[in-house]
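Asker:
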Amino acid sequence: MKQLRKELKYALYLTVHPFKAFWDIKYEKEGSLRTAFILLAAAIVVQIVSFLKTGYLFGSVSINYNFINTIVSSLFLYFSWCIANWCLTCLSDGKGTFKDIMMFTAYSLTPYIILETIRIVVSNIFILREQTFYDMLGYLAIAWVAFLLVTGMLTTHHFTLTRTLVVLLFTIIGMIVIALLIVMVFAMFQQVVSFISVVIDEAVRRVS
Amino acid sequence: MKLKKTGLIFCLTAALLAGSGSLQAEAYYNESSSSSTFIYNEWGYPLESPDAYEYSRTVDLRTVGEYSLTNVTDMCVTDENIYIMESTLGMIFRFDTAMNYIDCLKDFTLPDGSATTLSKPEGMYIAPDGKVYIADTENFRVLVSDWEGNISLVVVKPENLLGTSLKNFLPIRVVADSVGRINVVARNINSGIMQFTSEGYFSGYVGAPSVSVDALSKLLRKFYTDAQRAATTTYVPTEYNNIKIDKNNFIWGTISALTAEDVINTIVTQDLSGAVTPIKKLNMKGADVLVRNGNYAPVGDLLTPSKIVDVGLGPNELYSLLDSSMGRIFTYNGSGILLYAFGGKGTAKGESQLPVALDYMGDNIMLLDSGLCSVLIFEPTRYGKLLIDAERYYQEGEYDTANECWRQVTELNSNFAYPYIGLGDAEYNDGNYEDAMDYYEYANDRESYSNAKERIRKNEMSVGFPYIAGALLIFVFLFVGKGIFIRVRRYVRGERITYGGGDDES
Chain B
9 MKQLRKELKY ALYLTVHPFK AFWDIKYEKE GSLRTAFILL AAAIVVQIVS FLKTGYLFGS
69 VSINYNFINT IVSSLFLYFS WCIANWCLTC LSDGKGTFKD IMMFTAYSLT PYIILETIRI
129 VVSNIFILRE QTFYDMLGYL AIAWVAFLLV TGMLTTHHFT LTRTLVVLLF TIIGMIVIAL
189 LIVMVFAMFQ QVVSFISVVI DEAVRRVS
Chain D
156 MKLKKTGLIF CLTAALLAGS GSLQAEAYYN ESSSSSTFIY NEWGYPLESP DAYEYSRTVD
216 LRTVGEYSLT NVTDMCVTDE NIYIMESTLG MIFRFDTAMN YIDCLKDFTL PDGSATTLSK
276 PEGMYIAPDG KVYIADTENF RVLVSDWEGN ISLVVVKPEN LLGTSLKNFL PIRVVADSVG
336 RINVVARNIN SGIMQFTSEG YFSGYVGAPS VSVDALSKLL RKFYTDAQRA ATTTYVPTEY
396 NNIKIDKNNF IWGTISALTA EDVINTIVTQ DLSGAVTPIK KLNMKGADVL VRNGNYAPVG
456 DLLTPSKIVD VGLGPNELYS LLDSSMGRIF TYNGSGILLY AFGGKGTAKG ESQLPVALDY
516 MGDNIMLLDS GLCSVLIFEP TRYGKLLIDA ERYYQEGEYD TANECWRQVT ELNSNFAYPY
576 IGLGDAEYND GNYEDAMDYY EYANDRESYS NAKERIRKNE MSVGFPYIAG ALLIFVFLFV
636 GKGIFIRVRR YVRGERITYG GGDDES
């Protein structure tokens, strides 16, 4: 428990000292996969709470919100990012293992967790005239997470900045490819299922 | 609690409608050739509404006295009388408020004593002092007369008319303001409404669109050839087709020469600037002062662009636009929110063939149908009466009574967001900002919600500010104090100050 507290505290430290901290979580045992998953879960929970509890002025009017969607899409994004990144960095001499990738990705979400929480609270206090500040917090969160992802990749894989950015671009393409593959597999699976059901149907009709 | 439930149902209906999308809208739209009443929701889809007006009766004008009428073109309603203009005969018929024929005006005497008649007149205006203003179209003149036919003024084509290639002056509509200035809409004049002094001198155009040129196109024009320059000259038609004047001397002009593309663009972008508008409310200077606070600007039909041919000025700042292409009447309140739309083209009861003019007599709507040569009279139902009364009470500041009207409206029609805004406003003016916020949320009026919230926050802040500020001060003091204390202690002990790392603070 004490270890966990220390690691979570270290995640906070990471948001402002990314280069040192990403190095430490990889080589100095300052982070763990357990903490990474806790951070990931926290990010998902914050996202769900943001859907449900954002103030009326800034929230969406969607009534039929299903939190399962958020969980599935978040997990999909996370794992497809990790897999695509791992595939590409393996090819381009990255020094990070799959575990390292999972860790730096989840740790990078810390600013999102903090700022989104602030946004949820603030959305219930602010009025429309202050929307700019509310939006700014959102942009800040995105920019910060993006910055951490880049530095995390840079540190974990021992890349140069140019290489990081190129790999980042290809990772995003890789994620799209993974999504396409999954859709295709689903479609083919559906075909197979329907084929088998037709065959069974046919057989039953012939026999009877 | 009850409020919450209603709101939920309202939201659910809205969500359902949004979800099923255009299909549902289309389905409703097809059957709405019947003259049933509808409104638009905030996404611009038609929603059924209780009838606000019901058809009362038709007055057949094909035979009036010993005359047979064929081509009625204009109608003017004063407090005591209703006047109908017949173009082919060149006559004006006078009726009482129950639409019983009284007399007519046919023969006129010019100021020099010679007799004259009208030739295909299209419009007229009866001033409150009894003066008759006639747009004598085919005689190219505007006449000012009394009801005996003694013409006091003849307005002809102005001599000093610059910038137009006007051959003939074809006045079609005329109104006069309370000091006798004459405003004329003439066919093929697209510079605005022609304004004449009470002596008949042309004083200028009002209501012409102000053409603005942005810096980029100004710069580009410097590099254009003459041919290009000629090709880019944009032509903004503002051919008014009808004008009305209200008690405060505001001129209401309708425009039907709008391209469907522009109108659709205005609807889709929810443009409330009034750059493209079929209705303008012009002040003395000719500036459009119409309030457009609805989700959509008052343009009539949101699905197929309307051809607005007349505006009826009703009680309590309500006004109705007459769409001649679908035969519908769209009634807006002073803030530009659509209250109800009804009517249709056809031969069934309450439907018209070729509607040309619309006027209010009290709360009743009078519709002049040129096709059937008749006047259709519509009377407000309980629902319509409630909406009209609510407007009046709200304008008079009787918020409690207005509140009650709106509450009854929501009971009759929970699909209508506007009364919830009204209820919210009433609560807001009473200082019940929490309740107001609830109502605004149903109506999905974020702006008003935000205002109410600001008031609440202000109150809370004035109560809680000393505590919050005190707590913050103590917090900051402790935080800073601790940092200073640690640094001083380290300095005293002679330690090196390191930053970050997390492990050096234990």
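Sequence order for the protein chains is B and D.
For the first sequence, our numbering gives the first residue as 9, with consecutive numbering after it.
For the second sequence, our numbering gives the first residue as 156, with consecutive numbering after it.
A virtual CB, placed ideally from N, CA and C, is assigned to each residue, including glycine.
In this text the structure is predicted, and so the values were computed from the model without any measurement.
How would you label I257 (chain D), buried or exposed, when you count the other beta carbons within 10 angstroms and need 16 or more for buried?
Answerer: Exposed.
Asker: Return the residue from the list B:K61, B:D108, B:L65, B:M192 that minimises the CA-CA distance to I128 (chain B).
Answerer: Checking every option, the nearest Cα to that of I128 (chain B) belongs to B:K61.
Asker: Which residues does DSSP pair with P535 (chain D) in a beta bridge?
Answerer: Paired residues: D:Y208.
Asker: Give me the residue from D:I611, D:V454, D:M439, D:N403 with the minimum Cα distance to D465 (chain D).
Answerer: Of D:I611, D:V454, D:M439, D:N403, the residue nearest in Cα terms is D:V454.
Asker: At a Cβ cut of 9 Å, what residues of the stretch 75 to 88 of chain B count as close to chain D, listed as they run along the chain?
Answerer: Answer set for the stretch 75 to 88 of chain B: empty.
Asker: Report the CB separation of I410 (chain D) from N396 (chain D) in whole angstroms; it is logged as a contact under 8 Å.
Answerer: About 7 Å; that satisfies the 8 Å criterion.
Asker: At 4 residues or longer, and completely inside the stretch 559 to 631 of chain D: list those alpha helix (DSSP H) runs for me, N to C.
Answerer: Whole alpha helix (DSSP H) segments, 4+ residues: 572 to 585, 588 to 598.
Asker: Using C-beta distances below 7 Å, list every residue in its chain close to M352 (chain D), excluding the 5 sequence neighbours before and after it, in chain order.
Answerer: Here residue 352 (chain D) is Thr; the residue named in the question, Met, does not match the sequence. Contacts found: R336, S358.
Asker: When you compare the stretch 195 to 205 of chain B with the stretch 148 to 159 of chain B, are there three or more beta-carbon pairs, one atom per stretch, that lie closer than 8 Å?
Answerer: With a cut-off of 8 Å, the stretch 148 to 159 of chain B and the stretch 195 to 205 of chain B do not count as touching, because too few Cβ pairs lie within range.
Asker: Could you pull out every residue in the same chain whose Cβ sits closer than 7 Å to the Cβ of S325 (chain D), ignoring the five residues on either side in sequence?
Answerer: Inspection of the sequence shows that residue 325 (chain D) is occupied by Leu rather than by Ser. Only T292, F295, A341, R342, N343 meet the Cβ criterion.
Asker: Using the C-alpha atoms, what's the distance from Y597 (chain D) back to A169 (chain D)?
Answerer: Bear in mind that a pLDDT of 43 at A169 (chain D), under 50, signals an unreliable position, so the number given afterwards is only what the model happens to contain. Rounded to the nearest angstrom, the two C-alpha atoms are 11 Å apart.
Asker: Any Cβ of chain B within less than 8 Å of the Cβ of E602 (chain D)?
Answerer: Yes, its Cβ sits closer than 8 Å to a Cβ of chain B.
Asker: Who are the neighbours of K440 (chain D) on chain B, taking C-beta pairs under 8 Å?
Answerer: Near K440 (chain D) there are no residues of chain B at all, since even the closest Cβ is about 32 Å away, more than 8 Å.
Asker: What residues in its chain sit with their C-beta under 6 Å from that of Q508 (chain D), if we drop five residues either side in the sequence?
Answerer: Cβ neighbours of Q508 (chain D) beyond the five flanking positions: D524, G526, L527.
Asker: Between S242 (chain D) and P276 (chain D), is the Cβ-Cβ spacing less than 8 Å?
Answerer: Yes.
Asker: Using DSSP's beta-bridge definition, name the partner residues of E203 (chain D).
Answerer: Answer by DSSP bridge pairing, in chain order: D:F193.
Asker: Give me the chain D residues within the contact set of Y64 (chain B), using Cβ-Cβ distance strictly less than 7 Å, ordered along the chain.
Answerer: Within chain D, the residues near Y64 (chain B) are E596, Y604.
Asker: For K608 (chain D), which residues in chain B fall below 8 Å Cβ to Cβ?
Answerer: Those within 8 Å of K608 (chain D) in chain B are L65, I135.
Asker: Taking just the CA atoms, how far does I641 (chain D) sit from S131 (chain B)?
Answerer: So the two alpha carbons sit approximately 37 Å from each other.
Asker: Which runs of the beta strand (DSSP E) spanning at least 3 residues fall entirely within the stretch 285 to 343 of chain D, listed in chain order?
Answerer: 287 to 291, 296 to 300, 306 to 310, 326 to 331, 337 to 341, all fully within the stretch 285 to 343 of chain D.
Asker: From P283 (chain D) to Y554 (chain D), what does the alpha carbon distance come to, in whole angstroms?
Answerer: When rounded, the distance between both Cα atoms is 33 Å.
Asker: In or out: S274 (chain D) buried (at least 16 other Cβ within 10 Å) or exposed?
Answerer: Label assigned to S274 (chain D): exposed.
Asker: Would Y195 (chain D) and F533 (chain D) qualify as a contact pair, given that the criterion is a beta-carbon distance under 8 Å?
Answerer: Contact flag unset, no.
Asker: Is there contact here, the stretch 157 to 175 of chain B with the stretch 72 to 80 of chain B, by at least three beta-carbon pairs under 8 Å?
Answerer: Verdict: no, contact absent.
Asker: On the DSSP letters alone, give me the boundaries of the alpha helix (DSSP H) that D229 (chain D) sits inside.
Answerer: Run containing D229 (chain D): none in the alpha helix (DSSP H); it sits in the beta strand (DSSP E), 227 to 232.
Asker: Buried or exposed, going by whether 16 or more other CB atoms sit within 10 Å of the CB of Q550 (chain D)?
Answerer: The residue is exposed, with fewer than 16 neighbouring Cβ atoms inside 10 Å.
Asker: Could you give the distance in angstroms between the alpha-carbon of M111 (chain B) and the alpha-carbon of V158 (chain B)?
Answerer: Going by the C-alpha atoms only, they are around 14 Å apart.
Asker: Taking 8 Å as the cut-off, does the stretch 117 to 125 of chain B touch the stretch 42 to 58 of chain B (at least 3 CB pairs, one atom from each stretch)?
Answerer: Contact holds: three or more Cβ-Cβ distances are below 8 Å.
Asker: State the start and end residues of the unbroken alpha helix (DSSP H) segment that holds C98 (chain B).
Answerer: Run containing C98 (chain B): 75 to 99, per the alpha helix (DSSP H) assignment.
Asker: Within 10 angstroms of the Cβ of L169 (chain B), are there 16 or more other Cβ atoms? Answer buried if so, exposed if not.
Answerer: Label assigned to L169 (chain B): exposed.
Asker: Rounded to a whole number of angstroms, what is the C-alpha to C-alpha distance between T113 (chain B) and L188 (chain B)?
Answerer: Rounded to whole angstroms, T113 (chain B) to L188 (chain B) spans 22 Å at the Cα level.
Asker: Using only alpha-carbon positions, find the residue among D:D600, D:Y379, D:L542 that is nearest to E197 (chain D).
Answerer: The option with the nearest alpha carbon to E197 (chain D) is D:D600.
Asker: Where do the N-terminal and C-terminal ends of the beta strand (DSSP E) with R127 (chain B) fall, by residue?
Answerer: Looking at the DSSP string, R127 (chain B) is not in any beta strand (DSSP E); the run it does join, the alpha helix (DSSP H), is 118 to 131.
Asker: Quick one: grab the DSSP three-state call for E394 (chain D).
Answerer: If DSSP states are grouped into helix, strand and coil, E394 (chain D) belongs with coil.
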